[in-house]
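Here the structure comes first, spelled out in structure tokens, and everything after it is commentary.
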Amino acid sequence: MTTPPFDAIELVAFMPTPFGDGGIDEYAVEQQMEHYRDTGVTVGLLGGLGEFYAVSHDEATQLMRASVEGIGGEGKVLAAVGFATREAVRLAESAARVGCRGLVVNPPYYVHPSPQAFAEHLRSVTEASGLDAVVYSSTHLAIDDSYLDALVNVDGFRGVKDELSSPDEFTHRVKRWGDRVDFWAVGEHTAVPYVAAGAKAVTSALASVCPEASREHLAGTDRTGELAQLVHDSVRLLGVEPGTSASVAKEMIAAVRPWPTGVRGPQTAASDSLRSAVRELVVTMTDRYKDAER
1 MTTPPFDAIE LVAFMPTPFG DGGIDEYAVE QQMEHYRDTG VTVGLLGGLG
51 EFYAVSHDEA TQLMRASVEG IGGEGKVLAA VGFATREAVR LAESAARVGC
101 RGLVVNPPYY VHPSPQAFAE HLRSVTEASG LDAVVYSSTH LAIDDSYLDA
151 LVNVDGFRGV KDELSSPDEF THRVKRWGDR VDFWAVGEHT AVPYVAAGAK
201 AVTSALASVC PEASREHLAG TDRTGELAQL VHDSVRLLGV EPGTSASVAK
251 EMIAAVRPWP TGVRGPQTAA SDSLRSAVRE LVVTMTDRYK DAER
């Protein structure tokens, strides 16, 4: 398999959800969509950093509609769906109705469906919406070969967002399934060997503020090691304080443009010291590219 050039890799930013008074802050969404459109980043909504578990169906639909309208015809918005099959179908239908381009199916929680049961779950979602879907392989549900055997028979199954496989396991799956399945790597900080193995996309929190850093790191053109440290720090800060990852993701955006930083329980707000560290990191990183433009 020929490794695609790094600038051909799709960068997918899973956006934190901006909560305003009474629902979704649509103005913040509009401003953020301009960033994604101008930098060629694919948008993912309602992932873990998007607090999907704390968003009502009406709010999810509002967020999806505002995002599609904000990014315009030149951008690409994907919506994550989850919960029970019935609720996932409702969300997927709403995503299709407002113009989302595809779905990411979050892993089910508490239940651990068999490969056949999960394939039927996916089939229900894709048939109801008419949208293709990527499934998320995580500790809650590992998408191994037995699941892939079942999923490839589902029309609309597009790929796997894989946060579990080692580079060797990832290489094996790409070689076996890559003609039918798009594989995504999770996080640019560890993505280079996965891209070399054939990953078609890389998910990122950093791309919401500085996709230039994501792409440069993936390309491996920085020889000083400074960028790699900044990229790894951006991921490390997401997990420094338990239960604050969405808060940190919001503070990252707020460092470069107005963005509401409130979160909903059981997520908690980052401490003042963590907020300060996040903003310092983002300013350092974005200044790197401002200097390059001068």
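Numbering (this note's numbering), first residue to last: 1 to 294. Yeah, the Cβ is synthetic: ideal placement off N, Cα and C, and Gly gets one too.
Can you tell me where the alpha helix (DSSP H) with residue i in it begins and where it stops?
i: T126; result: 115–129
i: D162; result: Counting along the chain, D162 falls outside any alpha helix (DSSP H), though it belongs to the beta strand (DSSP E) covering 157–162.
i: A205; result: Counting along the chain, A205 falls outside any alpha helix (DSSP H), and DSSP gives it neither H nor E.
i: L238; result: 226–238
i: T300; result: Shown here, the chain extends from 1 to 294; a query on residue 300 therefore has no answer.
i: V174; result: 167–177
i: M264; result: Just to set this straight, residue 264 is Arg in the shown sequence, not Met. Taken as a continuous stretch (DSSP letters only), R264 belongs to no alpha helix (DSSP H), as it is neither H nor E.
Tell me, please, which residues DSSP counts as bridged to residue i.
i: V134; result: V104, G159
i: V77; result: V43
i: G243; result: For G243, which the question treats as bridged, DSSP gives no partner whatsoever.
i: E216; result: Looking at the DSSP assignment, E216 forms no beta bridge with any residue, so it has no partner.
i: I24; result: F19
i: A141; result: Rather than Ala, the amino acid found at residue 141 in this sequence is Leu. Partner(s): S138.
Can residue i and residue j be called in contact, C-beta distance under 8 angstroms?
i: T203; j: G44; result: yes
i: S247; j: G239; result: no
i: E296; j: I24; result: This structure leaves residue 296 out entirely; the chain is present only between 1 and 294.
i: L274; j: L237; result: yes
i: S138; j: L164; result: yes
i: R215; j: L11; result: yes
i: A66; j: L103; result: no
Output the boundary residues of the beta strand (DSSP E) element that contains residue i.
i: D182; result: 182–186
i: E51; result: Taken as a continuous stretch (DSSP letters only), E51 belongs to no beta strand (DSSP E), as it is neither H nor E.
i: L11; result: 10–14
Quick check on the burial criterion: 16 or more other C-beta atoms within 10 angstroms. Buried or exposed for residue i?
i: A152; result: Sequence check: residue 152 is Val here, not Ala. Per the 10 Å Cβ criterion, exposed.
i: S129; result: buried
i: V111; result: exposed
i: E251; result: buried
i: A84; result: exposed
i: E87; result: exposed
i: V283; result: exposed
i: S94; result: buried
i: D155; result: exposed
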